[in-house]
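**Student:** Sharing a structure here in structure tokens format.
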């Protein structure tokens, strides 16, 4: 009896130890932004909340500033399972799900509220479901923000002011088409290499939300910031689908819940701090221009919408615009 009892206890202890080991989850979260950016704020929020709420069963290791590669490499790494969670511009994923490129169309979201309603609603869910076919579970769409143009030539007020600029672009086809239509010469350059490209004159202009301009210190190599707000750029927060599906249900629920809270927190801070960021850039010598002929820009770039619809159909665009 004693031997049997001891054996039973040992088996139970080993079983409990195995269960504990199975419940221990480590998440590697990667993004390309500096420590000072709100992407890092979101990442830290997720780390703190997940580790606290799970009682240490979930640990999160953050790799900021492209430590695990550029955006393309991080997306590929997350799909393959080398990285668990990635936060990147949604434009870096539109090659997988072309419909997601509609979110990048110029002037498709008149306000942040419009963007949030679509991204968090049925349309956003439909896009998220498509990503699951590519090994990614979408946890939410944090804010990158409204894109604005910077350059060294002067304020951009009219569409004609863009002509002749050597414009850095990301891999968004819609934005590349837009700048080409406006007479600029678009060049794709990873954001991690952009400061040097601007400093050395490889390009003389770029477009990013105010927060990215500040966190990457582009005011040191660009003189003018024009608040063109020509496109709203969402971020994508995604986890490797196999990793997520292999977690206990309580951890899945916790990750989903914390991610949703993190997205709302980060969006709120982005909107709240934008004027403060602009003031900081101005204090460092950057000249900001709010006098932009938005109506003229909207009319000039309408062919970009036509091109997208010709390639992808009008269903997703109509779902966003309510037409």
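Residue numbers (mature numbering (1 follows the signal peptide of the UniProt record, and there is no 0)): -23 to -1, 1 to 300. Each residue gets a CB set at the ideal place from its N, CA and C atoms; glycine is no exception.
(1) Looking only at its chain, what residues have a beta carbon closer than 8 Å to the beta carbon of residue 133, apart from the 5 residues adjacent to it on each side?
(2) Nearest to residue 213 by CA position, among 236, 193, 110 and 227, is which residue?
(3) In terms of residues, what are the limits of the alpha helix (DSSP H) holding residue 155?
(4) Is residue 145 helix, strand or coil by DSSP?
(5) Evaluate residue 25 with the Cβ neighbour count: other Cβ atoms within 10 Å of its Cβ, from every protein chain shown; 16 or more gives buried, anything less gives exposed.
(6) For residue 309, which three-state DSSP category applies?
(7) I need the straight-line Cα distance from residue -3 to residue 146, nearest angstrom please.
(8) Measuring straight from C-alpha to C-alpha, what distance separates residue 288 and residue 63?
(9) What are the uninterrupted segments assigned as beta strand (DSSP E) that are 3 or more residues long and contained completely in the region 195 to 279, given in chain order?
(10) Starting from residue 12, trace the beta strand (DSSP E) both ways and give me its first and last residue.
(11) Taking Cβ positions, are residue 199 and residue 19 nearer each other than 8 Å?
(12) Could you check which residue in 55, 144 and 181 has the C-alpha nearest to that of residue 163?
(13) Give me, in chain order, the residues of the same chain whose beta-carbon lies closer than 6 Å to that of residue 232; leave out the 5 immediate sequence neighbours on both sides.
(14) As a quick exercise: from 66, 108, 79 and 53, pick the residue whose alpha carbon is nearest that of residue 286.
(15) Look up residue 17 in the DSSP assignment and say whether it is helix, strand or coil.
(16) Which of the three DSSP states, helix, strand or coil, is assigned to residue 302?
(17) Counting pairs of beta carbons, one from the region 113 to 127 and one from the region 170 to 185, are three or more of them closer than 8 Å?
(18) Check this for me: beta carbons of residue 149 and residue 68, under 8 Å apart or not?
(19) Indicate the three-state DSSP secondary structure (helix, strand or coil) for residue 106 in the structure shown.
(20) Given residue 209, which residues of its chain have a CB within under 6 Å of its CB, disregarding the five upstream and five downstream residues?
(21) With DSSP as the reference, label residue 82 as helix, strand or coil.
(22) Return the Cβ separation of residue 23 and residue 37 in integer angstroms, given the expectation that the two are a contact with Cβ distance under 8 Å.
(23) Which residues does DSSP list as the beta-bridge partners of residue 185?
(24) Check this for me: beta carbons of residue 211 and residue 120, under 8 Å apart or not?
(25) Which of the three DSSP states is assigned to residue 162 in this structure?
(26) If you follow the alpha helix (DSSP H) that residue 293 is part of, which residue opens it and which one closes it?
(27) Report yes if the C-beta distance between residue 33 and residue 220 is below 8 Å; otherwise report no.
(28) Quick one, which of 6, 41, 30 and 234 has its alpha-carbon nearest residue 169's?
(29) Please report how far the alpha carbon of residue 217 lies from the alpha carbon of residue 113, in whole angstroms.
**Tutor:** Judging by the given coordinates:
(1) 126, 139, 201, 203, 205, 266 and 269
(2) 236
(3) 150 to 158
(4) strand
(5) exposed
(6) For the chain, the structure presents residues -23 to 300; residue 309 sits outside this window and is missing.
(7) With a pLDDT of 47 at residue -3, under the threshold of 50, the predicted position of this residue should be treated as unreliable, though the coordinate-derived value follows. Distance between the alpha carbons of residue -3 and residue 146 is about 45 Å.
(8) 28 Å
(9) 201 to 217 and 264 to 266
(10) Looking at the DSSP string, residue 12 is not in any beta strand (DSSP E), and its letter there is neither H nor E.
(11) no
(12) 144
(13) none
(14) 79
(15) helix
(16) Residue 302 is absent from the structure shown; the chain starts at -23 and stops at 300.
(17) yes
(18) yes
(19) helix
(20) 86, 92 and 123
(21) coil
(22) 6 Å
(23) 125
(24) yes
(25) strand
(26) 292 to 298
(27) no
(28) 41
(29) 5 Å
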